[in-house]
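These protein sequence lines map, in sequence, to chains S and D. The numbers in this note's numbering rise by one with no breaks, and the one at position 70 of the first sequence is 70. The numbers in this note's numbering rise by one with no breaks, and the one at position 233 of the second sequence is 1233. Report on the structure given below.
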Amino acid sequence: MSVTKLSELSWRKEAPASEKKESSEQADYMIETYAGQLKRKFFKHKMAVWGCTTTLLLLIVGLLAPWLAPYQPNEVTAAFSAPPSLTNWLGTDQVGRDVLSRLLYGMRISLLIGILTVVMYVLFGSFIGMLAGYFGGWLDMLLMRMTDIFLSFPYMLVVLVIVSVLGADIFTIMFVLALFKWPTIALLVRSSVMSIKQTDYVRASITLGYSTSRILCIHILPNAAAPIIVNATFGIAGTILSEAGLSFLGMGIKSPQASLGNMLHDAQSLTVLTEQPWLWVPAGFVILLIVLSFNFVGDGLRDALDANA
Amino acid sequence: MGKLLEVERLQIAFRTDQGDVISVDEVSFDIKAGETVAIVGESGCGKSVTSLSLIGLLGKRGYVRQGESRFNGFSLTKASSAELRKLRGNEISMIFQDSMTSLNPVIPIGEQLEEPIRLHLHLSRQQAKAVALDMLRKVGIPRPEVISKEYPQTLSGGMRQRVMIAIALVCKPKLLIADEPTTALDVTIQAQIVQLMKQLQASDGTSILLVTHDLGVVAEMADKVVVMYAGQVVETADVFTLFRAPQHPYTQGLMRSIPHLNRDSSKRMDAIAGTVPSLQHMPTGCRYHPRCPHAVGRCREQRPALQNVGNEHLVRCWLPSESVPPTVKDSLAGHISGGAV
């Protein structure tokens, strides 16, 4: 039984390769490029394709918000808390601002925070992780104790304290969110670098007279990229959630500037919750959509970049 | 011919929790320009450590405790890491044993070859590309324009070793350190790689320090052989003398243990009894005496020094100065007539 299964499996795996061989006419053999292989594995993952499409759509909508939104986000357009109508597709909030317009602008802010924060902490975390992993010794010791300290804080509590001290500026929020996420990346990069620096190609790079920074950036980092990319993708979803949580608690982006979190914050009262669903359902749904699609992209990337999958 | 590399009484130690462990002791040899010197010995005899020390790759724990190695009169042992970096790849380069892992898997081989060219020869991207393609053609890579865009994992082991050799030799270094360059390859490819290295050496006048345990490759390539045992040089001679008349019992044992086609198959193969002593428990006297069939009382107590037995033939053994037992000479004579290595 298991034997037939095995043979079936190997036959199935070979089938697409042979199709490809026939389709390429000019070469007598076909070597699948690394990028091609990634693309094939990624697109085999249906949810990843869905996530990727949605993510792109969301990004485009976020970028084009000023042109797509029917009104200015802070403009009072109609009656207070008006239900959805032809002029205000998703209704208006308690002060009469158009919910759809605020939603689009809010999405833009949330995506911006998500992406910029991740870029910030991935860069910093990778840098720290590379130093610790490559040089080892006392530097590794020092940097790793530092990450341990950051990892042992009760995250949300410290974020709330810092935001209340420094003020809920958008950059402060990004900084604070990044402050507690870089240690994960640093640990990840450190362990990758520690194994990569033992390889013969890194030793060969040393014997070719390359400088340490060159070896780190050109020869080691790209080999550690796969887990970083996957972690960053999940990180964007996580950061957007964290920002929404902060804003919901009233410590994030401040009104009148729209963000997905503070739109939910506006819907804290029981009357809104039960009788005016247009005030919180769309914002909640968009958060769900963003987080899900980024996570699916992350899943797809993880499977595509995993050589053993 | 001047001496390109001089290694003088090198002692290399590794720091461990139990204190320093001396891995290589009293190693001296030199390489002249255009010459190939082979270091041979069993696993763990210190041959790789010796070669790595030359290029400063001993790692954090290893260091040169005594002695010195000089490259063109310049001390490699005392050089700063910046000075060493300038030499590496440009004047001294190295190829490793495992061609499967010695190339970076995320960079196309063409770019990996262009990198040292641009760095050391300061050529433009365009020029470097031309030099790289030329070098690939020289090491026998077919269709270099196509292959240079491939990633290492799409090439066979032999092709990768050719690419490694191309990278190591593209800046025309004066010294190539080849650490078991053919061990990971199968025999037909081995012959091709040896041929290629000899051919490139002839055209560029590169000196080669060959680290290997394959006496066949040694006979094929080397001009001079340094035999190491337990961290020490036990015998140095030119390749013909060494194969014709090895003086040290260890070298004799190595020679006897080479399998031959016309060997009497009803007899067991010759092997050296026992194993290499561990670094922490070195025997007193001659380090080889527990395994030596000719050991006498003196061998257990006094450490022999390298002594010249004629024509730059150095042996670390008490026996040549006394009288070599006739049995050794007989068995060797039979071996030499038995077949070439």
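C-beta: ideal position from N, C-alpha, C; glycine also.
* Asked: So is Ala1273(D) buried or exposed if we call it buried at 16+ other beta carbons inside 10 Å?
  -> exposed
* Asked: Along the chain, where does the beta strand (DSSP E) that runs through Ala1038(D) open and close?
  -> Thr1036 to Val1040
* According to the Cβ coordinates, are Trp278(S) and Leu90(S) closer than 8 Å? -> yes
* To do: For Thr233(S), return the contacting residues in chain D, with the cut-off set at a CB-CB distance below 7 Å.
  => Neighbours of Thr233(S) on chain D: none; closest Cβ ~19 Å, over 7 Å.
* Asked: Tyr71(S) and Ser101(S): beta carbons closer than 8 Å?
  -> yes
* To do: Excluding the 5 residues preceding and the 5 following Ser1051(D) in the sequence, name in chain order all residues of the same chain whose CB lies nearer than 8 Å to its CB.
  => Ile1039, Met1094, Ile1177, Asp1179, Leu1209 and Val1211
* To do: Grab me the residues of Gln1302(D)'s own chain with a C-beta within less than 6 Å of its C-beta, minus the 5 sequence neighbours each way, in chain order.
  => Gly1285
* Asked: For Pro1304(D), does the count of other Cβ atoms within 10 angstroms reach 16, so buried, or fall short, so exposed?
  -> buried
* Mind checking if Ile240(S) is an interface residue toward chain D, Cβ cutoff 8 Å exclusive? -> no
* **Beta-bridge partners of Leu1010(D), as assigned by DSSP** => Val1027(D)
* To do: State yes or no: is the C-beta of Glu1145(D) within less than 8 Å of the C-beta of Ser1069(D)?
  => no
* CA nearest to the CA of Thr1154(D), picked from Leu1242(D), Phe1074(D), Val1106(D) and Leu1054(D) -> Val1106(D)
* To do: Would you kindly work out how many angstroms separate the C-alpha atoms of Ala1295(D) and Val1234(D), rounded to a whole number?
  => 15 Å
* In terms of DSSP beta bridges, what is Leu1176(D) paired with? -> Ser1093(D) and Ile1208(D)
* Close beta carbons around Asn1090(D), own chain, < 7 Å, minus the five adjacent residues each side -> His1120, Cys1171 and Pro1173
* Asked: According to the Cβ coordinates, are Val193(S) and Gly133(S) closer than 8 Å?
  -> yes
* Which partner residues does Arg97(S) have in the DSSP bridge list? -> Val76(S)
* With DSSP collapsed to three states, give me the class of Glu1150(D). => coil
* To do: Would you kindly work out how many angstroms separate the C-alpha atoms of Ala27(S) and Ser1266(D), rounded to a whole number?
  => Low confidence applies to Ala27(S): its pLDDT is 44, below 50, so where it sits in the model is not reliable, and the reading given next is rough at best. Straight-line Cα distance between these residues: approximately 53 Å.
* Asked: Using the beta-carbon count (16 or more within 10 Å), is Thr184(S) buried or exposed?
  -> buried
* Beta-carbon contacts of Leu305(S) that lie in its chain and below 6 Å, excluding the five residues immediately before and after -> Ala226
* To do: Look at the alpha carbon of Met141(S) and the alpha carbon of Lys197(S), and state the distance between them as a whole number of angstroms.
  => 18 Å
* To do: Run through the stretch 1251-1329 of chain D for me and flag every whole alpha helix (DSSP H) of 4 or more residues, listed as ranges in chain order.
  => 1297-1301
* Residues bridged to Ala1237(D) [DSSP beta-bridge criterion] -> Val1225(D)
* **Within-8 Å CB hit, Lys1086(D) to chain S** => yes
* Taking 8 Å as the CB-CB limit, is Phe1074(D) close to chain S? -> no
* **Rounded separation between Arg1061(D) and Gly1157(D) - CA only** => 32 Å
* Determine the burial state of Asn88(S): buried for a count of at least 16 other Cβ atoms within 10 Å of its Cβ, exposed for fewer. => buried
* Using the rule of at least 16 other Cβ atoms within 10 Å of the residue's Cβ for burial, across every protein chain shown, is Phe1074(D) buried or exposed? -> exposed
* Let me know if Met130(S) comes out buried or exposed under the rule of 16 or more other beta-carbons within 10 Å of its beta-carbon. => buried
* Using the beta-carbon of each residue, which ones in chain S are nearer than 8 Å to Asp1098(D)? -> Asp200
* Asked: Using 8 Å as the limit for Cβ to Cβ distance, is Pro1116(D) near chain S?
  -> yes
* Asked: Mind checking whether Thr233(S) and Leu177(S) have CB atoms under 8 Å apart?
  -> no
* Report, in whole angstroms, the separation of the C-beta atoms of Pro1181(D) and Ile1189(D), which I expect to be a contact under 8 Å. => No, Pro1181(D) and Ile1189(D) are not in contact; Cβ-Cβ is about 11 Å, not under 8 Å.
* **Contact set for Tyr121(S): own chain, Cβ-Cβ below 7 Å, skip 5 residues either direction** => Ala178, Lys181, Trp182 and Ile185
* Asked: What first and last residue would you give for the alpha helix (DSSP H) that runs through Ser293(S)?
  -> Val281 to Leu305
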